[in-house]
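Going by our numbering, 384 is the number at position 371 of the sequence shown; the sequence numbering is gapless.
Ideal Cβ placement from N, Cα and C applies to all residues, glycine included.
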Amino acid sequence: MANAEPEKSAAAVQTPDDLTLWYDKPATNWETQALPIGNGALGAMVFGGVSSEQIQFNEKTLWTGGPGSGGYNAGNWTSPRPNAIAEVQAQIDRDGRMSPSAVTAKLGQPKSGFGAYQTFGDLWLDVPDAPASPTGYRRELSLREAVARVGYTAGGVTYSREYFASHPGGVIVGRISASQAGKVSFTLRTSSPRSDKQVSVANGRLTVRGTLADNGMRFESQIQVVTQGGSRTDGTDRVTVTGADSAMFVLSAGTDYAGTHPAYRGPDPHAKVTAAVDAAAARTFDQLRAAHQNDYRKLFDRVRLDLGQRVPAIPTDRLRAAYTGGASADDRALEAMFFAYGRYLLISSSRDEALPANLQGVWNNSTSPPWSADYHVNINLQMNYWLAEQTNLAETTVAYDRYIKAMVAPGRKTAQEMFGSRGWVVHNETNPFGFTGVHDWATAFWFPEAAAWVTQQMYDHYRFNGDTAYLRDTAYPVMKGAAEFWLDNLHVDPRDGKLVVSPSYSPEQGDFSAGASMSQQIVFDVLTNSLEAARKLNVDSAFQAEVTAALSKLDRGIRVGSWGQLQEWKSDWDDRANTHRHVSHLFALHPGRQIVAGTPEAAAAKVSLTARGDGGTGWSKAWKVNFWARLLDGDHSHKMLSEQLKSSTLDNLWDTHPPFQIDGNFGATSGVAEMLLQSQHDTIHVLPALPSAWPTGSVTGLRARGDVTVDVSWRNGSGERITLRPGRTGAVKVRSALIAGRHRVQDETGATVGAVRDGETLTWNAQAGKTYTIVDDGATPCAPAPADRPVVAWDPTSGTAVADASGNGRNATVSSTAAYDASAPTGSGLVLGGSTYLTTGNTTLGFLREATFAAEVKVGGSGYRRLFDSQPSGNPGTDGVIVDITPANKLRFIGAGLNVTTDATVPTGRYLDLVVTMDRTGTVTVYVDGVRVGGGTATAAGITGCASRPLRFAADQGGGQRLTGAVDRMAILPRALTAAEIGTWRDLAF
């Protein structure tokens, strides 16, 4: 395989893309600077060194611990503890609380054989005679393409590298190329922190194979080098390429792990790894990349977010360092990139055949990573998937579902042996080997509510897609088992006879008690969801009755405390000064659905959230982004996003706890989606928490529960257009402030849809496969005028041709012989002698929700005298616009649905600075020489400039009602200037 068909040599890539992370120097730190690529099972971190490229790589099943590791017990008690739980319950009933250390002494035990996620090693490309000071260096990660690149120039040659992790191919692929033939030389080798491996090389293929000393897990990676031109030489542990035009490597890796209890072992990985590398090496780089991008972009391209961002020409680390959390286009660029990055990372770390995304996704460079890079299920694994449904990445949850289903068998054993109960359970954290029991870290060992919580994602998957087969075959059996565990383990609280969780612990603080709020809210959630599912499937009537009875006696865990807060515990123990990172008692607000914005419970949640403050770790800030969005406070939600970006985000945009934890990335993306769309209460709430920092923008492809895909655009903080594409037939309920005003609902044919309105809510029966659009009835009769430039800007200086400085091409012609007045403000005012006016050819102004009309003009003559005119005479203001002077020298405005004579008197006989604004409420304001002189009121319908006709100044459409005097500069702007901006209109126009 030394030679393949010719490949295109690549130049140093410059990607002018708002979704590309890029840097002007190599990475020197794995955690903060290297760039991640992944395909779910495989992950790699690209450093971009010039003389020695480092690519650290992972395969997600390479774990120590579990079966084969000495003393592994899945966290189950190693000897019987009769009545241990009952004794703890009795002490809590008696004393009201119990210290974590005391409960741990009764119920915990040391971890044994838990294991840790492992690095597979590092791939190195050593470049001989590498330049010490290359020019044009760039290292980048394109989120649109899922391709990492490195490029630089030296000695007149441009060198390029491209890397991606292919899901369809099951490989990591790299290409090294140059702009001149024969310039590619390097040595490929690997390294590993372990000694339990062997390295061999044959025919350009480097194989690393071994058996983990800890648990006997077999592992293998293969790297095939394919060259175009030059030579390839095998060494004992490396492959050297000399004088090639280009070279490609393909890498695959695997283990003999299998996700089946109790052995967790399957076939030797050799055959699968070999087949993947053989198949990839037989294809060209371009073919592999095309297949990769076709697969990746089917997912990534479903959602696009436009916040009016502008990406400055600075590296991403400097963009993040300069971020202020304000409303600048640069700040919005980072926020939009951060949103997209979360989606990129989930696609890259969670695909169908792999384990789900762990605490670090799929990326890890250590043999003993923080928290073992495991699966914490007291929030972290759940947060990893909060974005999956709403940002249209449902396919990424297949790995999650498989993992949770595989946990049921060991979890059932734990439930039987520790609790003597039905159902299944898992505690605070777990691994790939069915660890569902306990350990002995006092504040983080006991959390049997976790099993109930992890089923919430599965039920939400059903709520988003409505697939009853999925509900019946996949989600419901798991949910039912988690619910049965609690039916058997709820405890009667002697204080009030309610059913409570005991012992109960609010992560990760305070004492153990009975009925901590989060515990109760989670149990309510799983019981409610399971009952809904059983009713939907029309199964298990006895189970339904049992759940209904339990719910009637269950303490719901929602109560308002002495200082107006939502209590964290059943007893009123909350401390106003507590700023702990966990805000667990707000589970019912998010990700739960028990608390509804605008209710007393929501007000109490706000009090608690305010008291906790805006600090915390990265994932904690991400959770607060979601909390504030659910409270419909977009500005505070945005503040938490900005706090996360400013102080809990690394240069490579990874979230940091610290250290790096990927859940904060995923939680932040979820929070942005929550600001733009919510549906947890079975109403599609559009722009529920839009922050003022994002006044104008659009998003396409978000998903709502009920199997509806939603697009929305907004301007100046208000929705303009909502498009819904239901996947199922049935009632659709939509809420938006847009609906409270003039609007219409139409299908893809333009036909009006009969919808019932109730305040801000519309309901109608939707048909699967159709497209429905809700539009501001006055906002979109045609395309809006571009917001980034004037509608027109004229400055006549000589002759009869007047150029349009706006860039819109609305050049004007003087109707007769042109004469100019040197006394005008610019020294070249066009004289309006009664036969002279300015006119364009036919043009469409576009829709103007607001506008400013401005001119340096000398008004003379009598009668009605036109200023700006794009409307046929006699029209009441519904087609185009007229700004003119009445016989009484009052300014008249005809547009936005009304003929309005303002109370503003326009001086005559001298040059004046005349500015007329119409804002989004229809308020017309007239300024002369920067001073407000009057105004009037049209409607909020905006100016409909949809017809194609001439735009004129100083005459009507028929050439009459001409203005005499003179005019210097004049312009129309697509927004209403504020009083403070009136004097700047010339700067904005010209």
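Measuring only the C-alpha atoms, how far is A284 from A57?
The straight-line gap from Cα to Cα measures roughly 22 Å.
Fully enclosed by the segment 708-746, which alpha helix (DSSP H) runs are 4 residues long or longer?
For the segment 708-746, not a single whole alpha helix (DSSP H) run of length 4 or above is found.
Looking at the strands, I want to know which residues DSSP matches up with R174.
DSSP output for R174 lists V163 and I189 as bridge partner(s).
Check the C-beta distance from W727 over to T709 and give it rounded, since I have them as a contact under 8 Å.
Indeed, because the Cβ distance is near 7 Å, the residues count as touching under 8 Å.
Going along the chain, which unbroken runs of the alpha helix (DSSP H) with 4 or more residues stay wholly within the segment 235-320?
Correct list: 283-294 and 298-313.
Below 7 Å between beta carbons: does that hold for P147 and V63?
Taking 7 Å as the Cβ cut-off, P147 and V63 qualify as a contacting pair.
Can you name, in chain order, every residue of its own chain whose Cβ lies under 7 Å from the Cβ of G355, other than the five neighbours on each side?
Contacts found: L400, N678, F679, A681 and T682.
I want to know whether the segment 88-107 touches the segment 428-436 - three or more CB-CB distances under 8 Å.
At 8 Å Cβ cutoff, the stretches touch.
How many angstroms separate the CA atom of V163 from the CA atom of V140?
Each residue's Cα considered, the two are about 14 Å apart.
In whole angstroms, give me the CA-to-CA distance for Q580 and S526.
Q580 and S526: Cα-Cα distance of roughly 13 Å.
Measuring only the C-alpha atoms, how far is L602 from A546?
C-alpha separation (whole angstroms): 21 Å.
Name the DSSP beta bridge partners of M420, please?
In the DSSP output, where bridge partners are listed per residue, M420 has none listed.
Quick one: is the Cβ of L599 within less than 6 Å of any heavy atom of the ligand SAM?
In the structure shown, the ligand SAM is absent, as is every other ligand, since no ligand is present at all.
Specify whether the segment 152-169 and the segment 212-220 touch according to this definition: at least 3 beta carbon pairs, one from each stretch, less than 8 Å apart.
The answer is no - the segment 212-220 does not touch the segment 152-169, with fewer than three Cβ pairs under 8 Å.
Have a look at K746, L964, I360 and P181 and flag the residue whose alpha-carbon is nearest the alpha-carbon of Q691.
Minimum Cα distance to Q691 is reached at K746.
Taking buried to mean at least 16 other C-beta atoms within 10 Å of its own C-beta, is W576 buried or exposed?
By the 10 Å Cβ count, W576 comes out exposed.
Comparing C-alpha positions only, which one of D771, G772, T736 and K903 sits nearest to V758?
Nearest option by C-alpha distance: T736.
What would DSSP say about M230, mapped onto helix, strand or coil?
In the structure shown, M230 sits in coil (DSSP, three-state: anything other than H, G, I, E or B).
Does DSSP put E72 in a helix, a strand or coil?
It is a strand residue.
Quick check on this structure: which residue in W376, Y357, G279 and I185 has the alpha carbon closest to the alpha carbon of T268?
Comparing Cα-Cα distances from T268 to each of W376, Y357, G279 and I185, the minimum goes to G279.
Take K566 as the anchor and find which of Q974, S530, D506 and N591 has the nearest alpha-carbon.
Among Q974, S530, D506 and N591, the Cα nearest to that of K566 is on D506.
Which stretch, first to last residue, makes up the beta strand (DSSP E) that contains K871?
Note, K871: beta strand (DSSP E), A864 to G873.
Measure the alpha-carbon distance for G51 versus A295 and round it to whole angstroms.
Whole-angstrom Cα-Cα distance: 21 Å.
Just the C-alpha distance for R625 and D387, rounded to the nearest angstrom, thanks.
Whole-angstrom Cα-Cα distance: 28 Å.
Here's the rule: buried if 16 or more other CB atoms are within 10 angstroms of the residue's CB, otherwise exposed. What is R548?
It counts as exposed.
Could you please give the first and the last residue of the uninterrupted beta strand (DSSP E) stretch that includes A779?
Unbroken beta strand (DSSP E) run through A779: T774 to A779.
Looking only at C-alpha atoms, which of A40, Y413, T287 and R202 sits nearest to A367?
Out of A40, Y413, T287 and R202, Y413 has the C-alpha closest to the C-alpha of A367.
If distances are taken between C-alpha atoms only, which option among P920, Y924, N902 and V896 comes closest to N912?
For N912, the nearest C-alpha among the options comes from V896.
Tell me where the alpha helix (DSSP H) around G631 begins and ends.
Where G631 is concerned, the enclosing alpha helix (DSSP H) stretches over G631 to R643.
Skipping 5 residues on each side, what residues in its chain have a beta carbon closer than 7 Å to that of A686?
Closer than 7 Å at Cβ, skipping near neighbours: L400, Q403, T404 and L715.
Pull up the distance between the alpha-carbon of Y357 and that of L312, whole angstroms please.
Straight-line Cα distance between these residues: approximately 9 Å.
Taking its Cβ as the centre, do 16 or more other Cβ atoms sit within 10 Å of I327, making it buried, or is it exposed?
Answer is exposed; the Cβ neighbour count stays below 16.
Could you please give the first and the last residue of the uninterrupted alpha helix (DSSP H) stretch that includes Y354?
Run containing Y354: A342 to S362, per the alpha helix (DSSP H) assignment.
Would you mind sorting R218 into buried or exposed? The rule is 16 or more other CB atoms within 10 Å of its CB.
R218 should be labelled buried.
Looking at S190: is its Cβ nearer than 7 Å to the Cβ of T171?
Contact: no.
Sort H756, I571 and D588 by Cα distance to R769 and report the nearest one.
It is Val, not Arg, that sits at residue 769 in the sequence shown. Here the closest residue by C-alpha is H756.
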